[in-house]
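Novice: Below is a structure I'd like to ask you about.
Protein chains: 2
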Amino acid sequence: MGSTANDRRVLGIDPGLTRCGVAVVDGAPGRKVSLRFIGVVQTATNLSIEQRLLGLEQGIEEIMAEHNPDVVAVERVFSQHNVRTAMATAQAAAVALLIAARSGIDVAMHTPTEVKAAVTGSGRADKAQVAAMVTRVLALSSAPKPADAADAAAIAICQLWRGAATARLEAARKRSVRERSAAVR
Amino acid sequence: MGSTANDRRVLGIDPGLTRCGVAVVDGAPGRKVSLRFIGVVQTATNLSIEQRLLGLEQGIEEIMAEHNPDVVAVERVFSQHNVRTAMATAQAAAVALLIAARSGIDVAMHTPTEVKAAVTGSGRADKAQVAAMVTRVLALSSAPKPADAADAAAIAICQLWRGAATARLEAARKRSVRERSAAVR
Chain A
0 MGSTANDRRV LGIDPGLTRC GVAVVDGAPG RKVSLRFIGV VQTATNLSIE QRLLGLEQGI
60 EEIMAEHNPD VVAVERVFSQ HNVRTAMATA QAAAVALLIA ARSGIDVAMH TPTEVKAAVT
120 GSGRADKAQV AAMVTRVLAL SSAPKPADAA DAAAIAICQL WRGAATARLE AARKRSVRER
180 SAAVR
Chain B
0 MGSTANDRRV LGIDPGLTRC GVAVVDGAPG RKVSLRFIGV VQTATNLSIE QRLLGLEQGI
60 EEIMAEHNPD VVAVERVFSQ HNVRTAMATA QAAAVALLIA ARSGIDVAMH TPTEVKAAVT
120 GSGRADKAQV AAMVTRVLAL SSAPKPADAA DAAAIAICQL WRGAATARLE AARKRSVRER
180 SAAVR
């Protein structure tokens, strides 16, 4: 139970300027996933954009320094209904990506559909279903609040599970290439 | 001629991930504007987004460290035809804003229309007209290349001229408030 030497620690980020969801989970495929930290970094809407970006940077850097993740997983930003919101989300994601790159920490990005599919089995699951699965996987007594925090946890879980699946596929591909090149020789 | 104690030094930024235009100008209203530096920070399109943001951060930080501007003026990003481009532009702008905030340097943002109007007198001027005015104002023998660099110079010139106009309006407003409150007493 709990974290072992094979566990990976993932910082999941649901980017946003007003409330940026952050969750740190430990785990590995087939083993218990445990929650280390969950919350939101908030910046006041009456601050200038550059002060908000700076506040977000400081918040995420503190969490990174405290939890030292192996990977940072960020929700991939797409066009949203509101262009202004999409821009702010893209900028918040940029801050998270920049901090990870500066620290030499691996980055992964997942679309909302990938996250939902990884956590619930369906890419079209609704928010309530995602929150229910996050609550179950992390063995919590109730869903994390606010929704941005629960979403960050879902992204981190997606990375643990999908990242492992991608690594297995990659290993299988390399093995198959080796076998084929052995056959050619 | 040249820079004086009253001149302001502006770093103008035309945000972009592939080519980010940067220009440093010195000047004050009614005086010669002089170009200190002009160029582009480029990041390779085959790098990951986080490595590109990091490369941009390093490039802008070097220019800031070398030229020590009083203000950073960034083109305000709006919806563009291509959502992917708009996101990348917003993220590049976020990097510039973040660096300025971290260094405690004032930030200003201007829309493309404001920049064109400040430099050419018309908010609907085309690229060639803006480049021609930048060339004339900076007393260059030919237009700066690439276009992103010329645009960054236009943003910096806009900040010198508009910033001064805004400061005058602000001073006039304060004076008028003082006069009114003196009249009330």
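Chains as they are written, first to last, in numbering that gives the first Met the number 0: chain A, 0 to 184; chain B, 0 to 184.
Heads up, the beta-carbon is just placed ideally off N, CA and C, and yes, glycines get one too.
1) Please confirm whether A:Ala89 has its beta-carbon closer than 8 Å to some beta-carbon of chain B.
2) Check the C-beta distance from A:Trp160 over to A:Ala116 and give it rounded, since I have them as a contact under 8 Å.
3) If I'm right that A:Leu55 touches A:Leu16 with Cβ under 8 Å, what's the distance once you round it to whole angstroms?
4) Spatial neighbours of A:Ala89 within its chain, please: C-beta separation below 6 Å, excluding the five flanking residues on both sides.
5) Would you mind giving the Cβ-Cβ distance between A:Ile48 and A:His109, rounded to the nearest angstrom? I have them listed as a contact below 8 Å.
6) Less than 8 Å between the beta carbons of B:Ile12 and B:Val73, yes or no?
7) Could you name the residues of chain A that B:Gln50 contacts, counting a contact when the two beta carbons are closer than 8 Å?
8) For A:Arg8, I'd like the list of residues in its chain whose CB is within less than 6 Å of its CB, leaving aside the five on either flank, ordered along the chain.
9) Tell me which residues share the same chain as B:Thr112 and place their Cβ nearer than 6 Å to its Cβ, disregarding the 5 neighbours each side in the sequence.
10) Quick one: Cα of A:Ser102 to Cα of A:Met63, how far?
11) Keeping to the same chain, check which residues put their C-beta closer than 7 Å to that of B:Ala95; ignore five residues upstream and five downstream.
12) Within the 8 Å Cβ cut-off, does B:Leu97 reach chain A?
13) My understanding is that B:Pro143 touches B:Ala152, with C-beta atoms under 8 Å, so please give their C-beta distance in whole angstroms.
14) If I follow the unbroken alpha helix (DSSP H) through A:Leu97, where does it start and stop?
15) Checking contacts by CB at 8 Å: is B:Leu53 closer than that to chain A?
16) Find the residues of chain A that neighbour B:Ala93, judging by a C-beta separation of less than 7 Å, and give them in chain order.
17) Could you tell me the distance, in whole angstroms, from the CA atom of B:Ala85 to the CA atom of B:Glu61?
18) If you draw a straight line from the C-alpha of B:Ala93 to the C-alpha of A:Ala93, how long is it?
19) In the DSSP assignment, what are the bridge partners of A:Val21?
Specialist: The relevant details are as follows:
1) So, interface residue.
2) Actually they do not touch by this definition, with Cβ atoms about 10 Å apart.
3) Between A:Leu55 and A:Leu16 the beta-carbon gap is near 7 Å, inside 8 Å, which marks them as a contact.
4) Excluding the 5 residues flanking it on each side, A:Ala89 has same chain C-beta neighbours closer than 6 Å at Val76, in chain order.
5) With 8 Å as the limit, A:Ile48 and A:His109 do not qualify as a contact, their Cβ atoms being about 26 Å apart.
6) In this structure, B:Val73 lies closer than 8 Å to B:Ile12 by Cβ.
7) Chain A residues near B:Gln50: Ala100.
8) Cβ within range, chain order: Asp25, Pro68, Asp69.
9) Short of 6 Å from the beta carbon of B:Thr112, and not among the five residues preceding or following it, lie these beta carbons of its own chain, in chain order: Gly122.
10) C-alpha separation (whole angstroms): 9 Å.
11) The residues are Ile12, Pro14, Ile59, Val71, Val73.
12) By this cut-off, B:Leu97 is an interface position.
13) Taking 8 Å as the upper bound for CB-CB distance, B:Pro143 and B:Ala152 are in contact here, some 6 Å apart.
14) According to the DSSP assignment, A:Leu97 belongs to the alpha helix (DSSP H) that extends over 82-102.
15) Look at B:Leu53: its C-beta is under 8 Å from a C-beta on chain A.
16) Think of a sphere of 7 Å around the beta carbon of B:Ala93: the chain A residues whose beta carbon falls inside it are Leu52, Gln90, Ala93, Val94, in chain order.
17) Rounded to the nearest whole angstrom, the CA to CA distance from B:Ala85 to B:Glu61 is 25 Å.
18) Rounded to whole angstroms, the gap between the alpha carbons of B:Ala93 and A:Ala93 is 7 Å.
19) Secondary-structure assignment with DSSP links A:Val21 through a beta bridge to A:Ile12, A:Gly38.
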